[in-house]
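Each protein sequence line maps, in turn, to chains E and R. Taking the working numbering, the leading residue of the first sequence gets 1, the next gets one more, and so forth. Taking the working numbering, the leading residue of the second sequence gets 1001, the next gets one more, and so forth. A virtual CB, placed ideally from N, CA and C, is assigned to each residue, including glycine. Only a predicted model underlies this, so the values are computations on that prediction, with no experimental measurement involved.
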Amino acid sequence: MKALFAAALVFSLGLMGCEPPMVYSTADRRQNTALSRIEGEVVITGKARGAVVLFLFDATRPPPPVGTGRPVSLTVVPRDDVFAGSNANDTGPFVARYAFSLVPPGKYTVRGFIDTNADFVPWYSVTSEVNGGDVGGAAIDVATGASRVIDVSAEQPTVVDVPVSFSDTATVTVDRPAFSESTGNPTITVTASGGNKVFDINATPLNTGIVHEGKPAFLVKAIDDNKDGVPDDTNGDGLPDVWPKIFVRKLSDLDNPLADENDVDRNGVLDANGADYEHVNPLTGTTIPADGQPDAVVLAAGIDLTDILPLVLEPGGAPKPQPTAVASLHIVMKPLAIDVSNPRAPAPLRALPKGRYALTVMQFTGQTWRVPNELAPGVSERFGLPTVASQAFVIQVP
Amino acid sequence: MRRPHLALALALLMVPGFAFADARSQAKKYFNQGMSLINDGRYEEGIDRLLQAYDIKPHPNVLFNVARAYESLGRPGLAIAFYRRYAETEPGDLTQVNAAIARLEAALPKPQPAVVAEPVRPAEPAKPEPSRGTVDEATMARLQTLAERMESALSKIEATAQATAQKPPAVSTEGPQRDEDDDGLTEVPYEETVVTASRRAQSTLEAPNATTIITGEEIRLSGARSLPELLRRVPGADVMAMGVASYNLSFRGFNQRVANKVLVLIDGRTEYQDFLGLTLWGSLPVGLEEIERIEVIRGPGSALYGANAMLGVINIITRAPGKGSAAELTAVAGNSNRAGGSFVASGGSVFKYRASAGYEQSDKFSRDYDDGRPDVQSNVEHDTLGLSAARANVVATVNPSKDVSVSVSGGVNRFFTEIYALGLLRNYFLDGVNGYALADAKLGPLKLKLFWNHLTGSTGPQYSAIGQRSLLTVLESNVFDGEALFQREFKLLGTHRLGAGASSRLKRLSWGYLSGMKQELHAAAFLQDEWRIIERLLLTVSYRLDYRPAVEGAGPTFAHSPRVSLMWRVNASHAVRFSFSTAFREPTFLESYTDIRAPVPGINGASVLTQGSTTLNPERLTSFELGYRGELGSAGLTWEVALYQNQVSDLVVLSAVNPVPADQAFDERSQSYLLGRSTFTNDPSSYAARGGEVGATWAAVDGLDLRFSAALQNISSDAATSVCGPCSQAPTFKLFVGATYRTPVDLDFSIDAAYTTATVWVEREPDPQDPTRISNLQNPLPAYAVVNARIGYRLLKDRVSVAVVGTQLAQPHAEHPFGNLVNRRVFATVTVKP
C-alpha cells in the first residue's frame, strides 16, 4: 500500500504545473459570442457644444431620409470629454475617443450629432431625433463623400477604427415637424366606399416636459435623387415627388398602442409572425391569397401639391435647390391599403385592414414626426411624459 | 498474572498509536461496550474497553467509571488510584469523591463487596458496603504494587493522549473564545454535543434543530482545502461552486447567486458580510487546520442569532489556545497553480495562545473569456487567478479561575477572490483585506462579546466589454458588535436553563455602488428557556426581538423570532423532536441602498439602473420540523432523520426593468441614457419548501468511518406565473457517501462523493438581437457528481504526514449555468508537527 501511496504522490507531483485554466463559455449568451468593436475618434470643428451622441446603423437599413432603419446601438461621448476647458468661441478641432462595443458581424454606418440643447432621449419617438441647433455628423468615406460602410467580418472578430466628423456646417436649421390635425379631430375614418379623405395638418410647437419643438415647420422640396435637374416621379402619376413624405402605417393592437402592426418590438424589422392579408393583382384585379408572411400595411397617402408646386419648382420645372418652410400641409388619403414589406415592390391589398393607423411626416433632413405618439392621453402617463391631446390623432378603418 | 487491562494499557505504550477516523465515535463505541460488559459483571473486560476508550479520547468520567468498576471488583487500591485521577480533574462532585477515597482507604485492609457499576457517573458516590473480612499483608502488598503500577500506566497513557490531543484529561476550563466557553464535554462521555443550537453545550440528541457536526479530524482526513466543499456532506446543504473560491451555500433550497440566507460564524463572530449578504469563503482569517469542529444548524436560527440565520447557521469553532500541537507546519502544492502553506503555534499555561499564518493560491477552474479578444477584456492583472489569500490570526486567553476567563483575538486576510454578482452583473473580483478584532469574557454566568469586522478593497467585473463604462469601485465596511449573554439554571416544576441576552450592532459602509456612506445601528434582545419537564421531556422556548432603525424613507421596524421545540428522549440513545420556529433575513445594504448604473451590453450609451429600497420587508420563514436522532453506541452507528415544511415569504428579488420617468432618462453620473430601472422588491409570492433528510455515520471497524446523507426536497409557489425560479433551481435530490479509513500501518484513505440532480435556473439576460430587451431566461443545468479522495501516510509517530488529494475527480461540470467548469484538482500536502 505504501508503494501505492508513493505512486500517487509521484503522479500528483507530475501533475503540478502552471497551465492556465481553460476557457469555458458558460450558458451566459454573451460568452458564446465572438464580437467585434468599432472605435475611433470624434473630430469636431465649430462652436457647438454638447454631448456627442453616436448611432450605429445596419447599412442595409439606413435611417431616414433614405430608409426607415433604427439604430442598432448608440454611444455617448460626454461633453466634458470633448470640450473640457474650451472657450465658447473656440472652434477646435476637438477630439475624443468613442467606442461601439460587442458589435456582431455585419455592415454598418455610423452617424451622430452634437446634442446642443440636451433634449435627446432615445427611448421615445418624440425625443429621439435631432432638433434645430444640433450639429450632425457621420463617418464618411473620404473617397466618395458618402457614408462609410463598415464591414465587420463574420470570420474574425476585429477592431475597426472609424473617425467621425462633425462641423457647424451640418447644423440642423429647424425643429422636427411636430404637427396636429388642423381641426382637432381625434379620428379620421377611412372606408373603402368613402372616397379620398382630405385634411390639413399644422406644424405645432410643443414645449412641454422634455419635449422641445419650439419652431417646427414642414420643409417642402422636390425630390431629385439622381440629380438630373428633373424632379423624380417614382409612382409615375405625372406629379413630382416631394418632401416631406407621408406614411400612414397600420398600428398594432391596443396592448401596444404605438407599435406598428407586425413590429411589436419596435425595432423597425417585421416580426417573424404576424398579420397577413390577401393581396390583389393590380393588373387583373384577381385576389392573391395570403402568403403566410407578415405584411407591413400602409394606406396610400400624400401631400396635395396644388399649393406646393410653386414652392418647390423653379418656373422652368426644375427643382428648387433650397427647401421652403411651410406651416401647413394638405393631406390626401386614398381608400387603398398597400403592403410595403418589400419596399421595392409595394403590393395593394384586397381590402382595407381594419384598425388604427398612424400618420408620419418625414423631412428631407431625416427628421420625422408621428402621430399618435407618447404624448397621447392614456399613453403619456406610462412614460412620465406630458399629455398633449392633439398627439392622440389617429386614422381609423372601421 | 498481569491483568488484561494492564497489559493493554502497557501495550499501548509500546506500539505506535492506532489512530481512528473519528475518535469520538470510536471512543464512544468502546465506552459503551465497556459499560455493557461491566453491567454484565465482566469487570476486567469492561475496564479494558474503558481504558481503550480513554486512550483514544480522554474523558474524566471514564476514570470515574473505571474506579467504580474496580470498586465493584473488590480492588480498592486500583479504585482509589482512579478516583484520585478523577479528583485531579476538579469535578463538581469532588467532595463526594474525596469522601469515597477516604472511605476506601479506611477499608483498604478489608475485602470489598461487589457493587454494580452505573453506566454513567452518578450524582452520589457509592456507599461503602460493610466489610466482610480482612486480607493478609501479602495481599495488601500485591494490591499496593498493582496500584502503583496502574498509577504509572495511567500517567503514561495520559502523556500519550496529550501528545495527540495536548489536552489534560480534565473537565475543560478552556476560555470562552471557543464559543460559549464549551469544548463539548458533557456528563455522558463521548456524547456528541453541539453548542450552536442553544448557545451552550448540549447533546445533539436534545438540540432544538437538526444538527450536523464536522470534526477537525474529519476535515484533516478529507484533504479538503475549501470549507464549503466539506459542507456537501451535510444533509440538505446546497453547495454551489461558481469558482474555485466562489461558493454559494444554502439549506433546504433557495440557493442563488449571492446566496444570503445562511449565517456563518467563526467562534460566534459573524463572517456573513451584512452589506452584501454572503460569506467570502476565501477571506476567512483562520485556516482549516485551526478548526476544532464545524457545527451546522439546519433550519431557522433567528430565535438566537437574529437576522440572516434564516435557513441555517454554520459555526466554525477553532481549537482552543494551548490545545493541540505546539507547532504545525503545512505545505500544499498541486496543479492549476495551487500552492500554499501555513503555520500554527499553540501553547502557554495560565496565559494560553494560538497563532497562525498561512498563504494559499489557486487558479480559476475556467476562464469566461480568452485573452486578446477585440470585444472583452479582463479587469484584473492576473486573469487566471481564482484565489489568493495571505492570512494571520492570533488568539490569547487567560483563565484566572474556572468561572472567569478572558480572551482576545484578531486576524487579517489579504485576499483576492471571485464573487458571482446578481442580475445583469456577472463574475466579479474582490481584492481586499478582511480583518477582525474580538474580545470575549466569561464572568460566571455572564458572557460578554465585543468584535469589530473590517473589510476593504477594490471590486468590479472580472471581464467587461472594451469601450464600455467601467464598474470598478472601492468599498469599506465596518461592523461593530457587542453582546451580553446571561445563563443560569433553576428548578421550578422541573429544571430550567435560562438564557437571556442583548446585543447591538453598528454597520457602516462606504461603497461606490451606493449613494454615499450608509450607517445603521441595530439592537436585539433574546430569551430562551430550556425546561426539562420530566427527565425525558425537554421543552425549549426561545424568542428574539430585533430592532432595525429608521432609515431613509422608512421608519424603524421590529422583527420577532419565536421558536418552540419539544424533545422527547426515548432513551439514552434515541430522541424525537418537534420544532416550530420562524426566522428572517434583514435586507442587506446592497438591497436597501444600491444605486448602480450597469451598462447595457452592446449599447455603451445606455444603462440599466439598479436601485435598493429602504422600505423592504425582511424575508420571512416559518418552519415546522420533525426530527429523530438515534445511535447504536456499541456498533458505532448514529443516524438522524428530519422532515420539514418551510413557508417562505417576502423574498427580496430584483424587479423587472421598468422605464424611468422621461425627465430622468439621461443620467448625469454615468453620462448615459437609462433604459430602465430595476429595484429590489419583495416578491409577492409565497413559497412552500417540503423535504426530508437522512444522515448516518458508522464506525464500522477500527479506523473505518462510513458516512451517508441524502435529502429530498420540493419547492412550490402560490404565484400565478408558470415560471418559478426558486422551485426549479432547487435540486430535488442530493446524495452524499463517504468513507475514511486510517489503517494500522500509517496509511490513510478517504473518499467521498456527492450527487445533485438536475435543475433549471431562471436568470436575467439581455436579448442578443436587441440588448435593450431584458428578460428572464430558463437555463437547464444537468445533474452532476463531485468526487474527492485523499491518500495519506503518517510517519515519525504521526509527526509528519504526507498526502495526495484529488478533488472534483468526476466529470467536469458546472454547478450553475454561469459558473466555472469545475474540474479536477490534484495536490500534495505535507504536515509537520515538530
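In angstroms, rounded to a whole number, what distance separates the CA positions of residue i and residue j?
{"i": "E:Arg79", "j": "R:Ala1598", "result": "20 Å"}
{"i": "R:Val1234", "j": "R:Ser1709", "result": "7 Å"}
{"i": "R:Ala1345", "j": "R:Gly1410", "result": "15 Å"}
{"i": "R:Arg1232", "j": "R:Trp1511", "result": "33 Å"}
{"i": "R:Phe1064", "j": "R:Glu1591", "result": "57 Å"}
{"i": "R:Lys1261", "j": "R:Arg1269", "result": "16 Å"}
{"i": "E:Thr189", "j": "R:Ser1672", "result": "42 Å"}
{"i": "E:Ala139", "j": "E:Lys334", "result": "40 Å"}
{"i": "E:Arg148", "j": "E:Thr109", "result": "6 Å"}
Go to residue i, then tell me how far its beta strand (DSSP E) extends in each direction, as first and last residue.
{"i": "R:Pro1562", "result": "Thr1557 to Asn1571"}
{"i": "R:Ser1409", "result": "Val1404 to Tyr1420"}
{"i": "R:Asp1363", "result": "Phe1351 to Asp1363"}
{"i": "R:Arg1532", "result": "Lys1518 to Ile1534"}
{"i": "E:Ala178", "result": "Here E:Ala178 belongs to no beta strand (DSSP E), and DSSP marks it neither H nor E."}
{"i": "R:Val1062", "result": "Careful: R:Val1062 lies outside any beta strand (DSSP E), inside the alpha helix (DSSP H) at Pro1060 to Leu1073."}
{"i": "E:Asp304", "result": "E:Asp304 -> no beta strand (DSSP E), and no H or E assigned at all."}
Could you have a look at residue i and say whether DSSP puts it in helix, strand or coil?
{"i": "R:Pro1091", "result": "coil"}
{"i": "R:Gly1236", "result": "coil"}
{"i": "E:Ile288", "result": "strand"}
{"i": "R:Asn1039", "result": "helix"}
{"i": "R:Glu1218", "result": "helix"}
{"i": "E:Asn256", "result": "coil"}
{"i": "R:Thr1473", "result": "strand"}
{"i": "R:Asp1663", "result": "helix"}
{"i": "R:Asp1431", "result": "strand"}
{"i": "R:Tyr1086", "result": "helix"}
{"i": "E:Leu311", "result": "helix"}
{"i": "R:Pro1130", "result": "Note that R:Pro1130 scores a pLDDT of 39, beneath 50, so its modelled location is shaky; the value from the coordinates is reported in the next line. Reduced to three states, the DSSP call for R:Pro1130 is coil."}
{"i": "R:Ile1080", "result": "helix"}
{"i": "R:Gln1645", "result": "strand"}
List, in chain order, every chain E residue whose beta-carbon is nearer than 7 Å to that of residue i.
{"i": "R:Lys1364", "result": "Pro21"}
{"i": "R:Ser1336", "result": "Pro21"}
{"i": "R:Gln1468", "result": "Ser101"}
{"i": "R:Pro1782", "result": "In chain order: nothing, as chain E lies at least about 11 Å away."}
Residue range of the alpha helix (DSSP H) that residue i falls in?
{"i": "R:Tyr1305", "result": "Ser1302 to Tyr1305"}
{"i": "R:Leu1498", "result": "It is not in any alpha helix (DSSP H) - R:Leu1498 instead sits in the beta strand (DSSP E) that spans Thr1495 to Trp1511."}
{"i": "R:Gly1725", "result": "Gly1725 to Gln1729"}
{"i": "E:Val82", "result": "Arg79 to Phe83"}
Please name the residue, chosen from the options, that lies closest to residue i on a Cα-to-Cα basis.
{"i": "E:Ala259", "options": "E:Asp339, E:Gly214, E:Arg356 and E:Pro282", "result": "E:Arg356"}
{"i": "E:Val164", "options": "E:Phe364, E:Val174 and E:Gly145", "result": "E:Gly145"}
{"i": "R:Phe1415", "options": "R:Trp1281, R:Gln1377, R:Ser1302 and R:Ser1470", "result": "R:Trp1281"}
{"i": "R:Phe1480", "options": "R:Phe1666, R:Glu1271 and R:Gly1386", "result": "R:Glu1271"}
{"i": "R:Glu1360", "options": "R:Leu1263, R:Ile1291, R:Asp1371 and R:Arg1225", "result": "R:Arg1225"}
{"i": "E:Met362", "options": "E:Ile38, E:Pro63 and E:Gln31", "result": "E:Pro63"}
{"i": "R:Ala1327", "options": "R:Ala1320, R:Gly1347, R:Ser1336 and R:Thr1318", "result": "R:Gly1347"}
{"i": "R:Ser1336", "options": "R:Leu1527, R:Gly1386 and R:Ser1378", "result": "R:Gly1386"}
{"i": "E:Arg176", "options": "E:Thr127, E:Gly195, E:Ser182 and E:Phe55", "result": "E:Thr127"}
{"i": "R:Pro1817", "options": "R:Ser1728, R:Ala1789 and R:Lys1797", "result": "R:Ser1728"}
{"i": "R:Leu1539", "options": "R:Arg1577, R:Gly1516 and R:Ala1785", "result": "R:Arg1577"}
Can you list the residues of chain E that residue i reaches, using a CB-CB cut of under 8 Å?
{"i": "R:Arg1373", "result": "Ala34 and Pro157"}
{"i": "R:Thr1721", "result": "Within 8 Å Cβ-Cβ: nothing; R:Thr1721 doesn't reach chain E, min ~18 Å."}
Which residues of chain E have a Cβ atom closer than 9 Å to the Cβ of residue i, listed in chain order?
{"i": "R:Tyr1369", "result": "Val23, Ser25 and Gln31"}
{"i": "R:Asn1820", "result": "Pro21, Tyr24 and Thr26"}
Below 7 Å on C-beta distance, what does residue i contact in chain R?
{"i": "E:Thr75", "result": "Asn1604 and Gly1605"}
Check the Cβ of residue i against every Cβ in chain R and list those closer than 8 Å, keeping chain order.
{"i": "E:Ala51", "result": "Gln1671"}
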